[in-house]
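Colleague:
Numbering (the numbering used here), first residue to last: 313 to 919.
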């Protein structure tokens with residue numbers, strides 16, 4: 313029995329639009345994340361944890377033993393929410409295990425909420441992609457519950473409270489009870505797709521029947537993140553940050569080895585040294601798989617964290633294998649091989665721009681002058697993110713320029729074309745540091761630690777920034793193309809010297825440029841990550857041409873395949889909208905952005 317006082321308190325909370333999360337008698341649970349015009353109900357004789365997991369993907373659910381009377385509570389719930397939103401949808405769900413059937417059954421009143429029923433039917437039919445035998449049967453019946461149960465509300469109560477009850481029988485095709493087997497990988501996919509189907513169907517109901525603040529079905533998802541998810545996210549971020557993967561796979565003596573390589577007339581391989589790995593990869597992996605991601609109810613967040621865990625595991629293995637061929641092979645599985653389109657684009661660029669602009673025609677600036685220019689931009693973003701500590705460091709142990717979290721690291725030997733200064737500031741500060749800071753203000757730490765494979769979008773977005781501020785040059789495009797060619801050469805088994813020679817003699821890169829491209833590709837034993845700059849740029853161009861929102865890409869660090877997930881979390885108000893780069897307000901940027909929206913290939917960017 314649910315106490316009347318508890319029912320009263322729950323309904324008062326809902327009228328005040330407060331979240332509700334209550335343990336009920338007989339280990340039942342009520343969870344309502346926010347004021348929502350629906351609830352999913354599962355009344356069980358014996359609780360099925362996997363079926364309960366399906367309901368827990370929703371932002372509003374009631375899981376309770378079938379001997380606990382809940383009609384009074386459902387009536388109060390319906391009245392309270394209907395006062396606010398005009399109507400209320402109750403979806404009673406139960407598992408079906410008859411003869412391995414794969415048929416969903418929807419029980420509903422004839423002619424009521426046809427758009428909702430159609431959304432359920434269409435969505436369930438789409439599940440055939442996962443399981444071809446799936447079917448759906450719609451029945452006009454007053455019995456929208458299991459036979460041994462009484463209705464949650466009778467017809468008069470439903471009319472009085474402005475509610476509609478639907479029944480949904482779900483085939484448990486993710487298990488074989490006679491074999492005591494659950495197909496976990498299939499279950500995760502099935503539950504994720506079905507969770508979305510329910511939200512789409514509910515959205516059709518509220519779009520027609522209710523006065524509601526929801527203009528997209530994704531807004532029906534959970535807004536509040538539970539403790540298990542936050543702890544898993546925290547643990548992953550700590551392991552990821554503790555690795556300092558890029559710093560530990562970047563040589564600390566690249567400048568000295570350049571001098572020796574040159575003295576040998578480019579005939580002796582450089583001998584790179586690296587920072588010591590101050591962690592035990594085996595222990596870190598143990599920590600990874602102690603994280604109970606399988607207990608996370610939210611399919612979107614569970615996917616993001618599971619994907620990141622796999623990436624971290626591979627990076628830890630790469631640290632163990634640093635300096636060996638295995639480092640390269642694992643890296644290829646992580647960052648992908650060289651895309652054929654990317655290689656073709658690189659070759660087209662090197663053919664179109666056979667030689668770069670000569671250094672003698674350029675004004676040069678050193679590390680201190682670059683740092684002075686960069687500080688002004690850093691100061692601007694420091695005001696936007698006062699809780700972050702943004703800084704610049706001039707160091708001996710880095711090559712060129714790189715970002716580590718909120719630190720801009722500059723080589724003390726830097727000498728660069730002055731005309732490239734602004735573009736590189738927008739690349740490093742207004743992209744890499746900005747997306748880190750935007751991610752840092754989010755409740756999910758992976759937004760700044762980086763989703764799996766985030767490098768591709770990050771680098772593509774950063775190079776797009778160079779184009780938008782009119783700082784993309786022939787030399788820069790040639791450099792990106794050279795990295796792809798060098799990575800392809802590595803994967804074909806070429807030596808350091810052979811790849812250097814290919815860049816220098818065949819593609820006309822200056823000796824020092826060819827060396828540093830080759831160093832970055834061969835570091836650690838071979839790292840194809842640098843090839844993603846060019847492919848990432850093309851993916852960003854395609855994304856914007858296809859109507860994608862540039863603003864979304866600044867929310868944090870993720871890849872283009874994660875954009876729908878990030879947009880979902882933005883709709884659900886789990887994430888906050890990002891701070892945008894200052895350069896978007898500049899004259900000329902909108903014109904170049906319009907050019908991208910109409911469709912443009914990398915080889916035509918400088919036309």
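The C-beta atom is built at its ideal place from N, Cα and C for all residues, glycine as well. On a predicted model such as this, the values are computed, not experimentally measured, just so you know.
For the alpha helix (DSSP H) holding residue 386, just list the boundary residues, first then last.
Modeller: Counting along the chain, the alpha helix (DSSP H) containing residue 386 begins and ends at 383-397.
Colleague: So, residue 905 versus residue 862, is the Cβ gap smaller than 9 Å?
Modeller: Yes. Within cutoff.
Colleague: Measure the Cβ-Cβ separation of residue 867 and residue 754 and say whether it is below 9 Å.
Modeller: Closer than 9 Å, so yes.
Colleague: Nearest to residue 736 by CA position, among 493, 712, 397, 489, is which residue?
Modeller: The shortest C-alpha separation from residue 736 is found at 712.
Colleague: Assuming residue 733 contacts residue 677 (C-beta within less than 8 Å), just tell me the rounded distance between them.
Modeller: Yes, residue 733 and residue 677 are in contact; Cβ-Cβ is about 6 Å, under 8 Å.
Colleague: Can you find a C-beta in chain B that's less than 9 Å from the C-beta of residue 789?
Modeller: The structure shown has no chain B; it contains just one protein chain.
Colleague: Curious, which full-length alpha helix (DSSP H) runs of at least 4 residues does the segment 582-640 contain?
Modeller: 593-602, 611-632, all fully within the segment 582-640.
Colleague: Less than 9 Å between the C-beta atoms of residue 402 and residue 450, yes or no?
Modeller: No, the pair does not count as a contact, with Cβ atoms beyond the cut-off.
Colleague: Could you tell me the distance, in whole angstroms, from the CA atom of residue 466 to the CA atom of residue 594?
Modeller: Using only the alpha carbons, I get a separation of about 59 Å.
Colleague: Go ahead and label residue 601 buried or exposed: buried means 16 or more other beta carbons lie within 10 angstroms of its beta carbon, across all protein chains shown.
Modeller: Classification for residue 601: exposed.
Colleague: Tell me, please, which residues DSSP counts as bridged to residue 917.
Modeller: According to DSSP, residue 917 bridges with nothing at all.
Colleague: Buried or exposed for residue 614, going by 16 or more other Cβ atoms inside 10 Å?
Modeller: Residue 614 comes out buried.
Colleague: Determine the DSSP secondary structure at residue 341, reduced to helix, strand or coil.
Modeller: DSSP places residue 341 in strand when its eight states are reduced to three.
Colleague: In three-state terms, what does DSSP make of residue 462?
Modeller: Looking at residue 462 - three-state DSSP - the assignment turns out to be coil, as it is neither helix nor strand.
Colleague: At what residue ranges does the segment 456-513 contain a whole run of the alpha helix (DSSP H), taking only runs of 4 or more?
Modeller: The qualifying runs are 467-473.
Colleague: Tell me residue 401's beta-bridge partners as DSSP assigns them.
Modeller: DSSP output for residue 401 lists 350, 476 as bridge partner(s).
Colleague: Compare the C-alpha of residue 357 against each of 655, 687, 538, 379 and name the closest.
Modeller: Here the closest residue by C-alpha is 379.
Colleague: Using the Cβ count rule (16 or more neighbours within 10 Å means buried), how would you classify residue 552?
Modeller: Burial call: buried.
Colleague: In the structure shown, what three-state DSSP assignment does residue 909 receive?
Modeller: Reduced to three states, the DSSP call for residue 909 is helix.
Colleague: When you compare the CB positions of residue 562 and residue 795, do they come within less than 9 Å of one another, or not?
Modeller: No, the pair does not count as a contact, with Cβ atoms beyond the cut-off.
Colleague: For the 8 Å Cβ check, are there 3 or more pairs between the segment 493-508 and the segment 366-376?
Modeller: With the cut-off at 8 Å, the segment 493-508 and the segment 366-376 touch.
Colleague: Please state the DSSP three-state secondary structure of residue 713.
Modeller: Correct three-state label for residue 713: strand.
Colleague: According to DSSP, what are the bridge partners of residue 720?
Modeller: Answer is 704, 715, bridged to residue 720.
Colleague: Short check: CB of residue 730 to CB of residue 777, under 9 Å?
Modeller: Going by C-beta atoms, residue 730 is not nearer than 9 Å to residue 777.
Colleague: So, for residue 428: in the same chain, excluding its five sequence neighbours on each side, which residues have a beta-carbon less than 6 Å away from its beta-carbon?
Modeller: So the qualifying residues of the chain are 513, 516, 517.
Colleague: Could you give the residue range of the beta strand (DSSP E) that holds residue 678?
Modeller: Segment 676-678, the beta strand (DSSP E) holding residue 678.
Colleague: Would you kindly work out how many angstroms separate the C-alpha atoms of residue 666 and residue 813, rounded to a whole number?
Modeller: Rounded to the nearest angstrom, the two C-alpha atoms are 16 Å apart.
Colleague: Starting from residue 448, follow the beta strand (DSSP E) in both directions and report where the run begins and ends.
Modeller: First-last of the beta strand (DSSP E) with residue 448: 447-452.
Colleague: Based on the DSSP secondary-structure assignment, which residues constitute the bridge partners of residue 334?
Modeller: Residue 334 pairs with 342.
Colleague: Closer than 6 Å by C-beta to residue 343: which residues in its own chain qualify, once you throw out the five before and the five after it? Chain order, please.
Modeller: 333, 373.
Colleague: By Cβ distance, which residues of its chain are closer than 6 Å to residue 797, with the 5 residues on each side in sequence left out?
Modeller: 658.
Colleague: Cα separation between residue 393 and residue 519?
Modeller: If I take the Cα positions, the gap works out to 16 Å.
Colleague: Put residue 854 into one of helix, strand or coil per three-state DSSP.
Modeller: Correct three-state label for residue 854: helix.
Colleague: Taking only three categories from DSSP, how would you classify residue 376?
Modeller: Reduced to three states, the DSSP call for residue 376 is strand.
Colleague: Within 10 Å of its beta-carbon, does residue 708 have 16 or more other beta-carbons around it, so buried, or fewer, so exposed?
Modeller: Label assigned to residue 708: exposed.
Colleague: Per DSSP, what kind of secondary structure is residue 775 in: helix, strand or coil?
Modeller: Residue 775: helix per DSSP, three-state reduction.
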